[in-house]
Amino acid sequence: MLIHICHRLDECLDRARVLSGLTSFNAATGFVDYDGLSYVLNYLGGIGDVRVVVGDLGSIPRVIYERWRDVIRVYRRLHTKLYLLGNGVAIVGSANLTVGGLYGNVELNVLIKNGELYGQLMRYFEELWLNAKPLTEDYVEDVEEVEVRNTKRSAAGFVSEVNRALLSILGVDEECLTTFNPRQCAAMVAEAINKRFRDCEDPPESCVVAAVAEELNLKVNELARQLISGPGSAVVAGHPLCWVKAFINLLRAGRVGVEELSSGVRIYEAMVREASRECPGRAGELAREELVRLHDERYRDDYVRWKIPYRLLPLALVLPIIGCRLVGIRRRDGSVLRRLACNQ
Numbered sequence: 001m002l003i004h005i006c007h008r009l010d011e012c013l014d015r016a017r018v019l020s021g022l023t024s025f026n027a028a029t030g031f032v033d034y035d036g037l038s039y040v041l042n043y044l045g046g047i048g049d050v051r052v053v054v055g056d057l058g059s060i061p062r063v064i065y066e067r068w069r070d071v072i073r074v075y076r077r078l079h080t081k082l083y084l085l086g087n088g089v090a091i092v093g094s095a096n097l098t099v100g101g102l103y104g105n106v107e108l109n110v111l112i113k114n115g116e117l118y119g120q121l122m123r124y125f126e127e128l129w130l131n132a133k134p135l136t137e138d139y140v141e142d143v144e145e146v147e148v149r150n151t152k153r154s155a156a157g158f159v160s161e162v163n164r165a166l167l168s169i170l171g172v173d174e175e176c177l178t179t180f181n182p183r184q185c186a187a188m189v190a191e192a193i194n195k196r197f198r199d200c201e202d203p204p205e206s207c208v209v210a211a212v213a214e215e216l217n218l219k220v221n222e223l224a225r226q227l228i229s230g231p232g233s234a235v236v237a238g239h240p241l242c243w244v245k246a247f248i249n250l251l252r253a254g255r256v257g258v259e260e261l262s263s264g265v266r267i268y269e270a271m272v273r274e275a276s277r278e279c280p281g282r283a284g285e286l287a288r289e290e291l292v293r294l295h296d297e298r299y300r301d302d303y304v305r306w307k308i309p310y311r312l313l314p315l316a317l318v319l320p321i322i323g324c325r326l327v328g329i330r331r332r333d334g335s336v337l338r339r340l341a342c343n344q
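What follows is the structure in structure tokens.
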């Protein structure tokens, strides 16, 4: 028997993938949110059998109902946290299938590989599945309404704390941090970053991250962990947080290689493209609108290429959660070519 303790659900899933690959995903969980389910179904890849039984103690975002209702059932008062991954591999612990369970909360989960025990757990799951009800409109609410109510105040409020820290550090218009308005804000924020951190050895937005962490008395990894637990509909550093989450999941799953992201503009484009596919609600609409604008070379020059510190700042704040950061290569003209550097 193999037993491995992991504190976050994403750690357990990564460990399981290394052990034997994920051939199925059968989950019983008290709560589910868009970030948790999309991470599993869209980014782990190669999964055949997918079934999720969720409790009825919280509402389910409409986007989950619209995309995945065929693989989800509801069981009254269920509070189990069980994940069956095939090949005798199971996870039992405290983590729900939510962004908090994935990488936000302090959890305790046990990864087990044992054929006999796996069989017993699968029989338990099959009984839940057979007795659970189909996911219907009765359990559904719009994603933004669910986020506002279900996201812990500390997580939602932390996004505001980060924006206040940025306001103190950069001295820009507050609306440029709390709303997405690149035509009005790209130049202002980029110039403030470049001026305040002109002597930064890394790209200046990376030095902003260090300054925010110091302002909030946190390490950069803890800053990233708390920030990514916020609602995707929130805006941080002038961009929807969902955009950043979508890009982080894209990298984690290996669906894009770091070597492909050979400039700051390409990194930003990849983030917007993924967000246009995966972000629900207004965040997704904004990404699709931005993707259209990125085809305009003048817009790219005026509001992206020469304003890249503004564009990459929200991403720089969260990259440490996956062991990555922005690095710069100084060119002859004095400009900085941005790349991603990630721990192996």
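Numbered by full-length UniProt numbering, the letters in the sequence shown go through residues 1 to 344 in order. Quick reminder that beta carbons are idealized off the backbone N, C-alpha and C, glycines included.
Please report the distance separating the alpha-carbon of residue i from that of residue j.
i, j, result
"Ser229", "Gly100", "6 Å"
"Ala95", "Thr80", "9 Å"
"Leu57", "Leu9", "21 Å"
"Leu312", "Ser160", "18 Å"
"Gly323", "Tyr103", "13 Å"
"Ala187", "Glu285", "23 Å"
"Trp191", "Ser263", "The amino acid occupying residue 191 in the given sequence is Glu; Trp does not appear at that position. Spanning the two alpha carbons is a distance of roughly 19 Å."
"Ile60", "Arg255", "27 Å"
"Met122", "Val327", "46 Å"
"Glu66", "Trp129", "20 Å"
"Arg51", "Phe25", "6 Å"
"residue 429", "Phe197", "Lying before the first or after the last residue shown, residue 429 is absent from the chain, which here runs from 1 to 344."
"Arg282", "Ser233", "7 Å"
"Val162", "Tyr83", "34 Å"
"Ala211", "Leu170", "10 Å"
Do residue i and residue j have their C-beta atoms within less than 8 Å of each other?
i, j, result
"Val189", "Gly238", "yes"
"Cys12", "Asn109", "yes"
"Val336", "Ile329", "yes"
"Pro203", "Pro309", "yes"
"Leu22", "Leu85", "yes"
"Asn221", "Tyr39", "no"
"Ala316", "Glu137", "no"
What first and last residue would you give for the beta strand (DSSP E) that runs through residue i?
i, result
"Asp49", "49-55"
"Leu286", "It is not in any beta strand (DSSP E) - Leu286 instead sits in the alpha helix (DSSP H) that spans 281-293."
"Asn26", "24-29"
Terminal residues of the continuous alpha helix (DSSP H) containing residue i?
i, result
"Asn96", "That residue, Asn96, is in no alpha helix (DSSP H); it is neither H nor E in DSSP."
"residue 345", "Given a span of 1 to 344 for the chain in the structure shown, any question on residue 345 remains unanswerable."
"Lys113", "Taken as a continuous stretch (DSSP letters only), Lys113 belongs to no alpha helix (DSSP H), being part of the beta strand (DSSP E) at 109-113."
"Phe247", "241-252"
"Tyr75", "Not the alpha helix (DSSP H): Tyr75 falls in the beta strand (DSSP E), residues 72-75."
"Cys185", "182-196"
"Cys176", "175-178"
Can you give the beta carbon distance from residue i to residue j, rounded, assuming they're within the 8 Å contact cut?
i, j, result
"Ala165", "Pro231", "Wrong, their Cβ atoms sit about 18 Å apart, outside the cutoff."
"Val244", "Thr179", "Actually they are not in contact, since the Cβ atoms of Val244 and Thr179 sit about 16 Å apart, beyond 8 Å."
"Tyr29", "Leu97", "Here residue 29 turns out to be Thr, not Tyr, going by the sequence shown. Yes, Thr29 and Leu97 are in contact; Cβ-Cβ is about 4 Å, under 8 Å."
"Ile321", "Arg225", "6 Å"
Stretch pair the region 284-303 + the region 260-272: three plus CB contacts closer than 8 Å:
yes
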